[in-house]
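Participant: Start counting at 1 in the sequence shown, then tack on 675, and there's your number in the working numbering.
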Amino acid sequence: MSEEIKQNAREVFSKNKQAYVDSSTHKKQSDLDEIINWMQPTLSQKALDIATGGGHVAKALSGYVKTIFATDLTKDMLQNTSTHLTDKTNIEYVIADAENLPFIDESFDIVTCRIAPHHFPSPKMFIKEVSRVLKQNGKFLMIDNIAPEKDQLDHFYNTFEKKRDNSHVRALKKKEWDSLFPPYDLLIQKPLLRKKQMPFPDWVKRTIDNPKEQEEVESLFLQASPDEKHHFSIIVEDGRVQSFTIDEYMVLVEKHST
Numbered sequence: 676m677s678e679e680i681k682q683n684a685r686e687v688f689s690k691n692k693q694a695y696v697d698s699s700t701h702k703k704q705s706d707l708d709e710i711i712n713w714m715q716p717t718l719s720q721k722a723l724d725i726a727t728g729g730g731h732v733a734k735a736l737s738g739y740v741k742t743i744f745a746t747d748l749t750k751d752m753l754q755n756t757s758t759h760l761t762d763k764t765n766i767e768y769v770i771a772d773a774e775n776l777p778f779i780d781e782s783f784d785i786v787t788c789r790i791a792p793h794h795f796p797s798p799k800m801f802i803k804e805v806s807r808v809l810k811q812n813g814k815f816l817m818i819d820n821i822a823p824e825k826d827q828l829d830h831f832y833n834t835f836e837k838k839r840d841n842s843h844v845r846a847l848k849k850k851e852w853d854s855l856f857p858p859y860d861l862l863i864q865k866p867l868l869r870k871k872q873m874p875f876p877d878w879v880k881r882t883i884d885n886p887k888e889q890e891e892v893e894s895l896f897l898q899a900s901p902d903e904k905h906h907f908s909i910i911v912e913d914g915r916v917q918s919f920t921i922d923e924y925m926v927l928v929e930k931h932s933t
């Protein structure tokens, strides 16, 4: 099942590779500036960006580190991204599975992964691999969409994400992420939970071309319960969904083995 999920992800991201380069959500400069501010990278450091997608984090970090390895499961995605970053000579591109990284132990000073772990079949294996390749006292920064703590809202969120993008596996809750770090010697240094507004038309078109399928996703929002509409701040005008918000978790951890 895990390999089927990963193959599905390859197909989805190969098809939509340019959409992720152009995505306003993924290239948001304030987010990228915040990553630099939180991590405080230096020119002597070696960095790894897991599931780089459109390469936005790798591009942002490249001016602050010695070398950064941009990895992705999808060759077409990585190839396309590299053509947009030809001026960044210290970025190395590697096809890699986030749950089985092709690097030796303690290879990197800093590791990042942004808006991707909800596609991973095994978040536990992902975190285990992050810890393995991270040096002692190294930093890992993750940003991802998360599910609300309330089970009903969790179900609603993961249902509409899966409907819109069948490479979506599951967005975890914050408490689930927080429980995954300590077993692998990763100690939380700075957590931030925030809301992220999504323009519905752009969001749904990023992965779905078929108008009928787009309407099926929209119907989930239109039929949402009052509690769901409130939590996700669903905005409807003239019977069409304009925007909504989702929960996002940004967390910085450090590796401290006992």
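The beta-carbon is built from N, C-alpha and C at its ideal position, and this holds for glycine as well.
Would you mind sorting R839 into buried or exposed? The rule is 16 or more other CB atoms within 10 Å of its CB.
Facilitator: To locate residue 839, count along the sequence shown from 1; it is residue 164. Looking at its Cβ environment, which holds 16 or more other Cβ atoms inside 10 Å, R839 is buried.
Participant: Please go through the same chain and pick out, in chain order, the residues whose beta-carbon is closer than 6 Å to the beta-carbon of F744, but skip the five residues on each side of it.
Facilitator: Residue 744 sits at position 69 when you count from the first residue of the sequence shown. Correct list, in chain order: L723, E767 and V769.
Participant: I'd like to know whether the C-beta atoms of T727 and T746 end up nearer to each other than 8 Å.
Facilitator: Walking along the sequence shown from the start, residue 727 turns up at place 52. Walking along the sequence shown from the start, residue 746 turns up at place 71. Taking 8 Å as the Cβ cut-off, T727 and T746 qualify as a contacting pair.
Participant: Quick check: the region 802-809 against the region 779-789, are at least 3 beta-carbon pairs closer than 8 Å?
Facilitator: yes
Participant: On a CA-only basis, which of I725, M714, A771 and K930 is nearest P857? Give me that one, please.
Facilitator: Counting from 1 along the sequence shown, the entry for residue 857 is found at position 182. Checking every option, the nearest Cα to that of P857 belongs to K930.
Participant: Any idea if I790 is buried or exposed, counting beta-carbon neighbours within 10 angstroms, 16 or more meaning buried?
Facilitator: Here residue 790 is taken as the residue at index 115 of the sequence shown, counted from 1. The residue is buried, with at least 16 neighbouring Cβ atoms inside 10 Å.
Participant: I'd like the span of the alpha helix (DSSP H) that includes P866, first residue to last.
Facilitator: Translated into the one-based positions of the sequence shown, residue 866 becomes position 191. It is not in any alpha helix (DSSP H) - P866 instead sits in the beta strand (DSSP E) that spans L861 to P874.
Participant: Please state the DSSP three-state secondary structure of A722.
Facilitator: Walking along the sequence shown from the start, residue 722 turns up at place 47. Strand.
Participant: Please state the DSSP three-state secondary structure of Y739.
Facilitator: For the purposes of this step, residue 739 is taken as the residue at position 64 of the sequence shown. Y739: coil per DSSP, three-state reduction.
Participant: Just to confirm my understanding: we take K702, look at its own chain, exclude 5 residues before and 5 after, and list those with CB closer than 6 Å. What are they?
Facilitator: Position 27 of the sequence shown, counted from the first residue, corresponds to residue 702. Residue confidence for K702 is low, a pLDDT of 49 falling below 50, so the modelled location carries little weight and cannot support an answer.
Participant: For N755, count neighbouring C-beta atoms within 10 Å of its own C-beta (all shown protein chains included) and say buried if the count is 16 or more, exposed if not.
Facilitator: Looking up residue 755 in the sequence shown gives position 80. Of the other Cβ atoms in all chains shown, 16 or more fall within 10 Å of the Cβ of N755; this residue is therefore buried.
Participant: State the Cα-Cα distance for the pair Y741 and H759, rounded to the nearest angstrom.
Facilitator: Along the sequence shown, one-based indexing puts residue 741 at 66. Along the sequence shown, one-based indexing puts residue 759 at 84. The sequence given here has Lys at residue 741, not Tyr. Approximately 20 Å, taken between the alpha carbons.
Participant: Quick one: what's D706 bridged to in DSSP?
Facilitator: Taking the sequence shown and counting its residues from 1, the one referred to as residue 706 is at position 31. DSSP lists no partner for D706.
Participant: Give the straight-line distance between the Cα atoms of T920 and P874, rounded to the nearest whole angstrom.
Facilitator: As a first step, residue 920 is located in the sequence shown; it is residue number 245 there, counting from the start. As a first step, residue 874 is located in the sequence shown; it is residue number 199 there, counting from the start. Within the model, the alpha-carbon separation for T920 versus P874 is close to 9 Å.
Participant: Quick one: grab the DSSP three-state call for R881.
Facilitator: Walking along the sequence shown from the start, residue 881 turns up at place 206. Coil at R881, not helix or strand.
Participant: Around the C-beta of K814, are 16 or more other C-beta atoms found within 10 angstroms, so that it is buried, or is it exposed?
Facilitator: For the purposes of this step, residue 814 is taken as residue 139 along the sequence shown, with counting starting at 1. By the 10 Å Cβ count, K814 comes out buried.
Participant: Pull up the DSSP beta-bridge partners for L809, would you.
Facilitator: The sequence position of residue 809 within the sequence shown is 134, counting from 1. L809 pairs with F783.
Participant: Would W852 and V786 qualify as a contact pair, given that the criterion is a beta-carbon distance under 8 Å?
Facilitator: For the purposes of this step, residue 852 is identified with residue 177 of the sequence shown, where counting begins at 1. For the purposes of this step, residue 786 is identified with residue 111 of the sequence shown, where counting begins at 1. V786 sits away from W852, with the two beta carbons spaced by 8 Å or more.
Participant: Cutting at 6 Å between CB atoms, please list the residues of its own chain near S757, excluding the five before and the five after it.
Facilitator: Numbered from its first residue, the sequence shown carries residue 757 at position 82. These residues qualify, in order along the chain: Y768.
Participant: How big is the Cα-Cα spacing for M817 and S932?
Facilitator: The count along the sequence shown starts at 1 and reaches residue 817 at position 142. The count along the sequence shown starts at 1 and reaches residue 932 at position 257. So the two alpha carbons sit approximately 19 Å from each other.
Participant: Identify every run of the alpha helix (DSSP H) within the region 811-851, keeping only runs that are complete inside it and at least 4 residues long; order them along the chain.
Facilitator: 826-839
Participant: Using a Cβ-Cβ cut-off of 7 Å (strictly less than) and excluding sequence neighbours within five positions of S698, which residues of its own chain qualify?
Facilitator: Indexing the sequence shown from 1 puts residue 698 at position 23. Summary for S698: the model assigns pLDDT 47, below 50, so the residue's position carries little reliability, and this model does not support an answer.
Participant: DSSP three-state label for E890, please.
Facilitator: Here residue 890 refers to the residue found at position 215 of the sequence shown. Residue state, collapsed to three classes: helix.
Participant: Taking the alpha carbon of D706 as the point to measure from, which residue in G738, D819 and V805 has its own alpha carbon closest?
Facilitator: To locate residue 706, count along the sequence shown from 1; it is residue 31. Nearest option by C-alpha distance: D819.
Participant: Could you tell me if I863 is buried or exposed, where buried requires 16 or more neighbouring beta carbons within 10 angstroms of its beta carbon?
Facilitator: In the sequence shown, counting from the first residue as 1, residue 863 sits at position 188. The residue in question, I863, is exposed, as its Cβ has fewer than 16 Cβ neighbours within 10 Å.
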